[in-house]
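A short write-up of the structure that comes next.
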Amino acid sequence: MTTQTETPPTTTVNNDDLQRLVEFAQLVTSAQDAMSDDIVTRLARVMNEGVTLLDRLTRNEGLMTLLRVLDQPESQRLLVGLAEALRETSRDIATTAPAKGSLIELVRAVFHPGTQEGIRILTFLGQHLNHSLREQHRLGS
461 MTTQTETPPT TTVNNDDLQR LVEFAQLVTS AQDAMSDDIV TRLARVMNEG VTLLDRLTRN
521 EGLMTLLRVL DQPESQRLLV GLAEALRETS RDIATTAPAK GSLIELVRAV FHPGTQEGIR
581 ILTFLGQHLN HSLREQHRLG S
């Protein structure tokens, strides 16, 4: 019977591995140095304020209703259209001369199809907002 001792396989560590270990140790040391009492206190305060804000937002029934409505596809299309309209409006205001304030310019603006559609949009919004507010007051909420 022979006794044979098995030696574990040897692993070689190259310079790249050592360099990575050194960098990792430096990272851990830097993180420990950065976590002073002041930073920990500020981080805890920020986390506390964030949780408080999130709690207030989730308890706000009106905001939660708005978020549910904004999540619907037709609301998404409306928001995209509004964003594009705001961008174009900003460009138009910057590139056109100020209105002179004459009655003739006002009449021209009224006859422009875009103006008429804008007035229709505001009319629909006003009607629906009026109905919703009256219904809320009727229900007592």
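Residue numbering for the sequence shown follows our numbering, beginning at 461 and increasing consecutively.
Note that beta-carbon positions come from the ideal geometry of N, C-alpha and C, so glycine has one too.
Keep in mind it's a predicted model, so treat the numbers as computed, not measured.
Same chain only: Cβ atoms within 8 Å of residue 523, ignoring 5 sequence neighbours per side: For residue 523, same chain residues with a beta-carbon under 8 Å away, outside a window of 5 residues either side, are 517 in chain order.
CB-CB length for residue 542 against residue 530, believed under 8 Å: With a Cβ gap of about 11 Å, residue 542 and residue 530 do not count as contacting.
Span of the alpha helix (DSSP H), counted from its first residue to its last, around residue 590: Element bounds for residue 590: 573 to 599.
Where residue 562 sits in the DSSP three-state scheme: Correct three-state label for residue 562: coil.
Rounded separation between residue 589 and residue 560 - CA only: Put simply, the backbone Cα of residue 589 is about 33 Å away from that of residue 560.
Straight-line gap, residue 551 to residue 557 (C-alpha atoms, nearest Å): Spanning the two alpha carbons is a distance of roughly 12 Å.
Straight-line Cα distance separating residue 549 from residue 528: Residue 528 and residue 549: Cα-Cα distance of roughly 28 Å.
Spatial distance of residue 585 from residue 508 (CA atoms): Roughly 39 Å separates the two Cα atoms.
For residue 505 and residue 581, the rounded distance between their alpha carbons: If I take the Cα positions, the gap works out to 45 Å.
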